[in-house]
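Asks:
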Amino acid sequence: MFKVRTLNNISVAGLERLPRDRYEVASDLQNPDALLVRSADLHQMEIPPSVKAIGRAGAGTNNIPVAAMSARGVPVFNAPGANANAVKELVLAAMLLAARNIWPALEFVRGLDGDDQTLHKLVEDGKKNFVGFELPGRSLGVIGLGAIGVRVANAALDLGMEVYGYDPAITVHNAWQLNSSVQQALSVDDLVSRSQFVSVHVPLLDATRKLINAERLRLMKAPGVVLNFARAEIVDEDAVLQALEAGRLHAYACDFPSRKLQGQRRVIATPHLGASTTEAEDNCAVMVADQLREFLEVGNVRNSVNFPEAVMPLLPGKQRLAIVNANVPNMVGQITTALAQHQLNIADLLNKSRGELAYTLVDVDQAIPAGLAAEISAIRGVLATRVIAS
Ligand SMILES: NC(=O)c1ccc[n+]([C@@H]2O[C@H](COP(=O)([O-])OP(=O)(O)OC[C@H]3O[C@@H](n4cnc5c(N)ncnc54)[C@H](O)[C@@H]3O)[C@@H](O)[C@H]2O)c1
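Each residue of the sequence shown is one higher than the one before, starting from 32 at the first, in the working numbering.
1. Between D234 and ligand 1, is there a pair consisting of the residue's CB and a ligand heavy atom that are separated by less than 7 Å?
2. Please report the distance separating the alpha-carbon of T149 from that of M318.
3. If I'm right that V68 touches L46 with Cβ under 8 Å, what's the distance once you round it to whole angstroms?
4. How would you write the range of the alpha helix (DSSP H) that T149 sits in, first residue to last?
5. Report yes if the C-beta distance between D396 and A378 is below 8 Å; otherwise report no.
6. Just to confirm before moving on: does the CB-CB distance between A130 and F161 stay below 8 Å?
7. Under the criterion of a Cβ to heavy atom distance below 7 Å, does P199 qualify as lining ligand 1?
8. What are the partner residues of D394, as DSSP defines its beta bridges?
9. If P428 and V82 are in contact, beta carbons under 8 Å, what's the gap, nearest whole angstrom?
10. Do A306 and V35 come within 8 Å of each other at the CB atom, strictly closer than that value?
11. So does D321 have its beta carbon nearer than 7 Å to some heavy atom of ligand 1?
12. Is the beta carbon of A302 within less than 7 Å of some heavy atom of ligand 1?
13. Whose C-beta lies closer than 6 Å to the C-beta of G175 among residues of the same chain, with five residues either side of it excluded?
14. Could you work out which residue in L388, D146, V97, T367 is closest to E406 when comparing CA atoms only?
15. Near H281, what residues of its chain come up, given a Cβ to Cβ distance below 6 Å and the 5 sequence neighbours on each side ignored?
16. So T416 is in the beta strand (DSSP E); what residue range does that whole segment cover?
17. Taking all protein chains shown into account, decide if Q374 is buried (16 or more other Cβ within 10 angstroms of its Cβ) or exposed.
18. Between F260 and ligand 1, is there a pair consisting of the residue's CB and a ligand heavy atom that are separated by less than 7 Å?
19. Return yes when the Cβ of N337 is within less than 8 Å of the Cβ of V97, no when it is not.
20. For P111, verify whether its CB is less than 7 Å away from any heavy atom of ligand 1.
21. Rounded to whole angstroms, what is the Cα-Cα separation between G386 and A178?
22. Smallest Cα separation from L304: which of V122, V393, L127?
23. In the stretch 239 to 294, which residue ranges form an unbroken beta strand (DSSP E) of at least 3 residues, counting only runs that do not cross its ends?
24. Candidates N40, A90, R48, L171: which alpha carbon is nearest D59's?
25. Mind listing, in chain order, the continuous alpha helix (DSSP H) runs of no fewer than 4 residues lying wholly within the stretch 54 to 108?
26. What do you reckon, are the CB atoms on V181 and Q208 nearer than 8 Å?
27. With DSSP as the reference, label G45 as helix, strand or coil.
28. Exposed or buried, A420, counting other C-beta atoms within 10 Å across all chains shown (16 or more means buried)?
29. Could you say which of D286, L272, E312, G142 lies nearest to M126 if we only look at CA atoms?
30. Taking only the alpha-carbon atoms, compute the straight-line gap between V56 and F33 and give it to the nearest angstrom.
31. State yes or no: is the C-beta of T416 nearer than 7 Å to some heavy atom of ligand 1?
32. By a C-beta neighbour count over all protein chains shown, 10 Å radius and 16 as the cutoff for buried, is M76 buried or exposed?
33. Since D220 and N244 should fall inside the 8 Å C-beta cutoff, what is the C-beta to C-beta distance between them, to a whole number of angstroms?
34. Give the secondary structure of N132 by DSSP, where H, G and I count as helix, E and B as strand, and everything else as coil.
35. Along the chain, where does the alpha helix (DSSP H) that runs through L171 open and close?
36. Expressed to the nearest angstrom, what Euclidean distance is found between the alpha-carbon atoms of R141 and P135?
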């Protein structure tokens, strides 16, 4: 039985991925094998030595002492992309809200007085103020083609838009997912100068702070629409307000209200709703529970923020050693020597590294003798060792 201690309410869909005949899951377990958290601050608590893995049902891991866990040989898993569809749908909603002037139109309706007949007349007289435009043929530039950006780009193509993308570090996986009709921009400036709509889907870094600034807003096709469902600081709010005032920008849609933006006409600000769907919460919990389970049962690593990706099928009848060690020379040599001394034949071996850490999976044909794990743990640089039977 594996013990998984939960530190927040984790969606039932995720907990159901840990079968009751193999997992004890509760918030008050002693000596847990793994912790499953959402936003609980693990910096403030002592993490028991029994913990072999930590799962965060979400994307960010600021609440977890990742460096300290790496030093202990404990992987931290997260759920990148689990909320990507939720954010994509909000971006699509924002594009339509902006194009059809739905926001001011709803406010207009809310402010109407009188009986039905009067209301009807006011509606028919007032609707000319909210004439919008349609999306097919309009251009959208997507900056950042990660989990969210790729989905936004593909969905915009389906709506008939002309789509440009820019991401100098797109992953092979995301490149495979991206519709081949998305046109490649050569730079951010190139992208904005071809686009009427611009949507940012990059992380907040020094390089992306104020990525959308006054100069780039001037390059956009007018009247433009900027969509920011990534992070507030990626767009220069002052520059946006000036562009709105000057009429170069039709609307600014974002997920990050601020005092400056509040009450501004043509600003559509949602209260950080990007990932707020029941499906996104379920997806995060399912993804992270599956990853924890695969690590605990087989030793494979997928979507860890501090471990290398390491996936090797564990075939029936084999036994596996999973070893976390410092990424220094001669570690695999010392490990295989220890196995050879016990006359163990290596059936398969995987060694991956990430930064200062390396992870080795060794599958053998015979039963792993008692004491070998302790011998390997005693090798200088080895941080954690586990024996796993198929
Ligand atoms: N509104 C919300 O509630 C919400 C929810 C989830 C994510 N987010 C934000 O959305 C961002 C994107 O999320 P994701 O899941 O798609 O991330 P991701 O890591 O899958 O993709 C980010 C992409 O941005 C690219 N990139 C980085 N710097 C770049 C630059 N200077 N120019 C162009 N591309 C660049 C990367 O190469 C990567 O492909 C997150 O960083 C987060 O800030 C917001």
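Even glycine gets a Cβ: it sits at the ideal position worked out from N, Cα and C. The structure presented is a predicted model; accordingly, all values stated were derived computationally and were not measured.
Replies: Looking at the coordinates:
1. Reading the sequence shown from its first residue, position 203 is the one you call residue 234. It should be pointed out that residue 234 corresponds to Pro in this sequence rather than to Asp. At least one heavy atom of ligand 1 is nearer than 7 Å to the Cβ of P234, so yes.
2. By one-based count along the sequence shown, residue 149 stands at place 118. By one-based count along the sequence shown, residue 318 stands at place 287. Straight-line Cα distance between these residues: approximately 54 Å.
3. The residue labelled residue 68 in the question sits at position 37 within the sequence shown. The residue labelled residue 46 in the question sits at position 15 within the sequence shown. At roughly 13 Å, the Cβ-Cβ gap does not stay under 8 Å, so V68 and L46 are not in contact.
4. For the purposes of this step, residue 149 is taken as residue 118 along the sequence shown, with counting starting at 1. Note, T149: alpha helix (DSSP H), 147 to 157.
5. For this step, residue 396 is matched to residue 365 along the sequence shown. For this step, residue 378 is matched to residue 347 along the sequence shown. With contacts defined by Cβ atoms closer than 8 Å, D396 and A378 form a contacting pair.
6. Start at 1 with the first residue of the sequence shown, and residue 130 comes out as number 99. Start at 1 with the first residue of the sequence shown, and residue 161 comes out as number 130. Taking a C-beta distance under 8 Å as the contact criterion, A130 and F161 do not qualify as a contact pair.
7. If you number the sequence shown from 1, residue 199 lands on position 168. Flag set: Cβ of P199 near ligand 1.
8. Here residue 394 corresponds to residue number 363 of the sequence shown, with the count starting at 1. Answer by DSSP bridge pairing, in chain order: R351, D379.
9. Any property of residue 428 remains undetermined from this structure, which presents the chain solely from 32 to 421.
10. Here the question's residue 35 lines up with position 4 in the sequence shown. Here the question's residue 306 lines up with position 275 in the sequence shown. Judged by beta-carbon spacing, A306 lies beyond the 8 Å limit of V35, meaning their Cβ atoms are not closer than that value.
11. In the sequence shown, the residue the question calls residue 321 occupies position 290. No, ligand 1 has no heavy atom inside 7 Å of this Cβ.
12. Sequence index remark: in the sequence shown, residue 302 carries index 271 (1-based). Before going on, a small fix: residue 302 reads as Pro here, not Ala. Distance from the C-beta of P302 to the nearest heavy atom of ligand 1 is not below 7 Å.
13. Residue 175 sits at position 144 when you count from the first residue of the sequence shown. Excluding positions up to five away in sequence, the list reads D198, H232, V233.
14. What you label residue 406 is simply residue 375 of the sequence shown in a count that begins at 1. For E406, the nearest C-alpha among the options comes from T367.
15. To locate residue 281, count along the sequence shown from 1; it is residue 250. Counting only Cβ-Cβ distances below 6 Å, and skipping sequence neighbours, we find P254, V256.
16. The sequence position of residue 416 within the sequence shown is 385, counting from 1. Going by DSSP, T416 is part of the beta strand (DSSP E) stretching over 413 to 420.
17. Residue numbering aside, residue 374 sits at position 343 when the sequence shown is read from its first letter. Its Cβ having fewer than 16 others within 10 Å, Q374 is exposed.
18. Your numbering for residue 260 matches position 229 in the sequence shown. Yes - ligand 1 has a heavy atom lying nearer than 7 Å to the Cβ of F260.
19. Walking along the sequence shown from the start, residue 97 turns up at place 66. Walking along the sequence shown from the start, residue 337 turns up at place 306. Their beta carbons are under 8 Å apart, which means V97 touches N337 by this criterion.
20. Residue 111 sits at position 80 when you count from the first residue of the sequence shown. Taking 7 Å as the cut-off, the C-beta of P111 counts as close to a heavy atom of ligand 1.
21. In the sequence shown, the residue the question calls residue 386 occupies position 355. In the sequence shown, the residue the question calls residue 178 occupies position 147. If you take the alpha carbons of G386 and A178, they lie about 24 Å apart.
22. The residue given as residue 304 occupies position 273 in the sequence shown. For L304, the nearest C-alpha among the options comes from V122.
23. Whole beta strand (DSSP E) segments, 3+ residues: 255 to 259, 280 to 285.
24. Here residue 59 corresponds to residue number 28 of the sequence shown, with the count starting at 1. For D59, the nearest C-alpha among the options comes from N40.
25. Listed in chain order, they are 97 to 103.
26. Residue numbering aside, residue 181 sits at position 150 when the sequence shown is read from its first letter. Residue numbering aside, residue 208 sits at position 177 when the sequence shown is read from its first letter. A distance below 8 Å separates the beta carbons of V181 and Q208.
27. In the sequence shown, residue 45 corresponds to position 14, counting from 1. Helix, per DSSP.
28. The count along the sequence shown starts at 1 and reaches residue 420 at position 389. Classification of A420: exposed, given that the 10 Å Cβ count is below 16.
29. Residue 126 sits at position 95 when you count from the first residue of the sequence shown. If we check each option's Cα against that of M126, D286 comes out closest.
30. Translated into the one-based positions of the sequence shown, residue 56 becomes position 25. Translated into the one-based positions of the sequence shown, residue 33 becomes position 2. For V56 and F33, the gap between their C-alpha atoms comes out near 8 Å.
31. Position 385 of the sequence shown, counting from 1, holds the residue named residue 416. No, Cβ of T416 sits at least 7 Å from all heavy atoms of ligand 1.
32. For the purposes of this step, residue 76 is taken as the residue at position 45 of the sequence shown. A residue is called buried when at least 16 other Cβ atoms come within 10 angstroms of its Cβ; M76 does not meet this threshold and is exposed.
33. Translated into the one-based positions of the sequence shown, residue 220 becomes position 189. Translated into the one-based positions of the sequence shown, residue 244 becomes position 213. With a Cβ gap of about 11 Å, D220 and N244 do not count as contacting.
34. Locating residue 132 in the sequence shown gives position 101, where the first residue counts as 1. Residue state for N132 is assigned as coil, using DSSP reduced to three classes.
35. Numbered from 1 along the sequence shown, position 140 holds the residue referred to as residue 171. Where L171 is concerned, there is no enclosing alpha helix (DSSP H), although the beta strand (DSSP E) around it starts and stops at 170 to 174.
36. Here residue 141 corresponds to residue number 110 of the sequence shown, with the count starting at 1. Here residue 135 corresponds to residue number 104 of the sequence shown, with the count starting at 1. So the alpha carbons of these two residues sit roughly 10 Å apart.
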